[in-house]
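Only one structure is covered here, and it is reproduced in the block below.
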Amino acid sequence: MELEVRLRSALADRYQIEREVGRGGMAVVFLAYDRKHDRPVAVKVLQPELGESLGSERFLREIQIAANLSHPHIVPLYDSGDRGGLLYYVMPYVAGPSLRKRLVAERPRPLAEALRVAGDVAEALSYAHGSGVVHRDIKPENVLFADDEAVVTDFGIARAIHVAGGDALTRSGLPLGTLGYMSPEQAASDCELDERTDLYSLGCVLYEMLVGELPRRWLDARSASLGRIAEAPPDHRRRLDALPRVVEQILVRALAQDRDQRFRTADEFATALRTGEIAAPIGARHSIAVLPFTNMSADPENEYFSDGIAEEITNALSKVRAMRVAARTSAFQFKGKETDVREIGGLLAVDTVLEGSVRKVGNRLRITAQLVSVDDGCHLWSERYDRELADVFAIQDEIAQSIVQALRVVMQDEDRRPLVRPPTTRVEAYDFYLRGRQLFHRFRRKSLHDARRMFQRAIELDPLYALAHAGLADCCAILYMYWGSDPRDLERAETASRRALELDAGLAEAHVSRGLALLHGGKADEGQREFETAIHLDPNLYEARYFYARACFQQGKLELAAQLFERAAEVRDDFQAAFFKAQCLAALKREGEARIAYREALGAVERHLEFHDDDARAVTMGAVSLCRLGRRPEGLEWATRAVAIDPDDAGVSYNVACLYSLEGEVDKAIASLETAIRAGFFNRAWLDRDPDLDPIRDHPQFRALLHLS
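Each residue of the sequence shown is one higher than the last, beginning at 316 in the working numbering.
Pasting the structure below:
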C-alpha cells in the first residue's frame, strides 16, 4: 500500500492510479488513467529495493530501445521515467487475461491453441531480435491476450535491469528471469546471451501449455538438458506421446541444453510451429478407425474374409485426402476385445469408429456396418447389405462413400471417383487374395511361403489380377531380404512386379513391388523412383515410405530416411519404422532426438508383442532400444528371449550382434554377426551404415566379415 501511495503522489500530474492489478518479483503493475491522452494504461513500477540497486540513467537509456518496437504481437512502451526514486514504465492496458490465467483455468491447453499462441510469440520475438532486443523473461505472465491474439509484454525490461544493475544486482541475489523458464546459459550467467535464450524460454511455455506443467526435473534451470523430455515423468510422457511427432520434435529442439542445437532464429521456430499446426489434427474433424469386422459365418475359418473386408474399407478411406484413417495394425489391436468406443477414440486419436460384421453362406453375403461417434457413442450411420458374393466390391465402395457423406467430408477433385475399384472379375480369385493378405500380415517365413501359394492360386484363377501379382512379388522380395539370399526369390519378385505394372501402371502397390525388386537387384536409383511414384499415387501407403526409407538408409541419405521412416510410422503404428527412424537419428549424432525415438520404438515393439509375442525380430529391436535407453539388463534379457524363440533367424542374430556391439561385448558381437551372415544376412550397404556396429567397426574380424556379406 505504501508503494501505491508513493506512486500516486509521484505521477499525479500525468497519471491517475486506479488500483493494483498484478505483482511479480521485479515489478508491481497498476491500472491507471492517462490524463493527457484520455486512455487506460498499465503503469509498472520496479520494486523499490530493485530500483535502488540500479543506475537510473542507464536503465532509462536501455528501456528506450524497447520503446522503438512496433509489432502486432508486442505490447508497446508509451513512457518511462524516474519519479521520487521510483523507476516506472507505461504500456497500454490489455484487458484480456494473461496466459498464466488461462493455464490456471484449464491445463493443458488444446493443441491448436498452444501452437497458435507460441507462433504469435515467436513472430514477436523474430521482430524484436531483428531490432537487437532479447526479451530474457518469456513466461506465461508476460503473454497477454488482446482480442484472442497473443501479445508479449515487458520487452527489453530484463536487459535494461541487467545493464543498469551490473555487479550490484548480482550481489543483491535478485534473479533476472524466471527460474522455470530460464535457459541453462542464462541461469549459469556464463556467457553473453543471444536470441536463443528466448527460444528456450518459449519452448518451456509451449511445453507447459501442452503438458499442463513444467517438467518436474526442471526446478533448476542449470540441469535442463536435451534428454529431459525423453526422461519426462510418466504422466507427462503420456501427454507427450499423444502429440504429433513433429510437435514433440519442436519441443526437443527448442529445449536443447546446447544452444547450438536449438532453433537458430525465432523465424525458424515460427516456421516449425506452422508445420506443427499442419500436423495437428486439423483432419481430426474427419478421423476414423475401421475396426476388424466380426466373422458371423458358421465357419470360423472365414475370419480372413471379414478381416479382409475391414482392411479394404480402410484402404479405400485412406485415399480421401481430407480424412485421417487409423492404420490397420492400430485398429486391429482391438480385435476380439470388448473395448468402449470412447477408449478406442482416445487411444487412436479419432472421433469416429466403424464397426461391422460379415456373414458368408455359399454365394450369399450379409455385411452390416455402423459408424459411431466417439464423443457420445451415438450411431451416425448404419446399414445392412444382403447381396450376392459377386457384389462385394460394390458393397465396400458404398460403405466408404456413405461414411464420407455422413461425415460431410469435402472431397477434392481427384477423390471424386469410386473409392473401391473391382480388382478382379473372379470372386474366387479375390477369396484367395484375402487369404494371402492375412497370411502375409503374420510376417513369418512359413506364413510368407503360404501367402505366396495363395497369391499364386489367385493368379491361376485370374491371370490379369494385378494386386495378386504384386502380392506374389512382395512375398518373394521379403523372403529374399529377410530369410536368406535365394536368387530364385529375387527372380520371381522381378517377374511378378513387372507383370503387375504391365497390368495396372496406376496401382501404387505394384510400384512398391517393383521398387523392392529393383532395390534388391542392385538398382537402387530406379527402385527409389518407383517408391516416389507409389507415394504420389497413394500418400498413405505405408510400404511405399518404409521401403523407400530403407533404400535411402542404405545409400547414406540419413536425413531423408529419417523423415520417411517417421512418416511411415505415422501412417502405421509399426515397430520397424519407429526403430529405424531412431537408428537414422543415432547415425546423425542427434542424441536427444534419437533417445525419444528409441522410446517411441520400444513402445511400438511392446504394442506389437501384445498380439505377436513370438516375433523374435521385434523382440531384438526392443532389446536394442532398451540398451540405447540405458536399460542394459533388460536389453540383454530380451536378446536371450529372442534367440530362444528363433535361434536360426539371420535377422535375429544380426540384431543380437548389434546389441553386443553397443554393450562392448566384442567377441559376442563378432560371433553373432558371423552367425547372421552364414544364415543368409548379406546386406553390405546396411552393415556399412548401421550405427549400432560403430563400436566394432575398426575391429579386424569385423572387416574380415564384411567380405563374407
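Glycine is no exception: its CB is placed at the ideal position from the N, C-alpha and C atoms. Predicted model, so just to flag it, every value in this text is computed and none were measured.
Spatial distance of residue i from residue j (CA atoms)
| i | j | result |
| --- | --- | --- |
| ALA357 | TYR408 | 5 Å |
| TYR393 | ARG943 | 54 Å |
| ALA569 | GLY836 | 43 Å |
| ALA705 | ALA792 | 32 Å |
| GLU847 | ALA808 | 19 Å |
| ALA783 | ALA1000 | 30 Å |
| ALA503 | VAL981 | 41 Å |
| THR485 | LEU365 | Because THR485 sits at a pLDDT of 47, beneath the cut-off of 50, its placement in the model cannot be relied upon, and the following sentence gives the value as read from the coordinates. So the two alpha carbons sit approximately 11 Å from each other. |
| ALA646 | ARG887 | 10 Å |
| LEU834 | HIS694 | 47 Å |
| ARG451 | ARG376 | 18 Å |
| SER697 | GLY339 | 58 Å |
| VAL967 | ARG760 | 13 Å |
| CYS519 | VAL466 | 17 Å |
| ALA859 | GLY918 | 23 Å |
| LEU734 | GLU464 | 41 Å |
| THR586 | LEU430 | 11 Å |
| LYS634 | ALA883 | 16 Å |
| MET497 | LYS359 | 22 Å |
| LEU318 | ALA909 | 52 Å |
| ASP349 | LEU494 | 34 Å |
| SER940 | ALA832 | 30 Å |
| GLU626 | ALA820 | 22 Å |
| GLY411 | ALA461 | 5 Å |
| ALA994 | LEU794 | 13 Å |
Run of the beta strand (DSSP E) containing residue i, from where it starts to where it stops
| i | result |
| --- | --- |
| LEU262 | The requested residue 262 does not occur in the structure, where the chain is confined to residues 316 to 1024. |
| TRP696 | 694-703 |
| THR990 | No beta strand (DSSP E) holds THR990; the alpha helix (DSSP H) holding it covers 981-993. |
| LEU686 | 679-688 |
| THR667 | 667-676 |
| PHE895 | Unbroken run through PHE895 is the alpha helix (DSSP H), 890-902; no beta strand (DSSP E). |
| PRO962 | From DSSP, PRO962 is part of no beta strand (DSSP E); its letter is neither H nor E. |
| GLN331 | 330-338 |
| MET406 | 401-407 |
| GLY396 | 394-398 |
| GLU464 | 464-467 |
Local Cβ density within 10 Å of residue i, reported as buried at 16 or more and exposed below that
| i | result |
| --- | --- |
| GLN753 | buried |
| GLN379 | exposed |
| LEU1021 | exposed |
| GLY871 | exposed |
| ALA815 | buried |
| ILE544 | Residue placement at ILE544 cannot be trusted, given a pLDDT of 48 that sits under 50; what the coordinates show is reported in the next sentence. So ILE544 ends up on the buried side. |
| VAL336 | exposed |
| SER385 | exposed |
| ALA420 | exposed |
| ASN970 | buried |
| GLN711 | buried |
The ligand SAH heavy atom lying under 7 Å from the CB of residue i
| i | result |
| --- | --- |
| LEU794 | This structure lacks the ligand SAH, and indeed carries no ligand of any kind. |
Beta-carbon spacing of residue i, residue j below 8 Å
| i | j | result |
| --- | --- | --- |
| LEU418 | VAL432 | no |
| ARG657 | ARG681 | no |
| ALA437 | ALA581 | yes |
| ALA972 | ALA959 | no |
| GLU885 | ARG560 | yes |
| PRO738 | TYR780 | yes |
| GLY842 | ALA877 | no |
| GLN258 | VAL343 | Any property of residue 258 remains undetermined from this structure, which presents the chain solely from 316 to 1024. |
| LEU873 | ALA897 | no |
| ALA766 | PHE755 | yes |
N-terminal and C-terminal residue of the alpha helix (DSSP H) that residue i is part of
| i | result |
| --- | --- |
| GLY661 | 656-663 |
| GLN711 | 707-721 |
| LEU521 | 511-526 |
| ILE565 | 560-569 |
| GLU817 | 802-818 |
| SER645 | 643-646 |
| SER371 | 371-382 |
| VAL419 | 414-420 |
| PHE345 | Unbroken run through PHE345 is the beta strand (DSSP E), 342-349; no alpha helix (DSSP H). |
| VAL320 | 317-325 |
Validate contact between the segment 424-434 and the segment 507-526 using beta carbons, cut 8 Å, 3 pairs: yes
The segment 502-521 touching the segment 560-575, judged by at least three CB pairs closer than 8 Å: yes
Three-pair Cβ contact test at 8 Å for the segment 394-408 versus the segment 446-454: Output reads no: the segment 446-454 does not touch the segment 394-408.
Contact the segment 635-650 vs the segment 693-712: 3+ CB pairs below 8 Å: The count of Cβ pairs closer than 8 Å, one atom from the segment 635-650 and one from the segment 693-712, stays below three, leaving the stretches out of contact.
Contact the segment 664-679 vs the segment 598-617: 3+ CB pairs below 8 Å: yes
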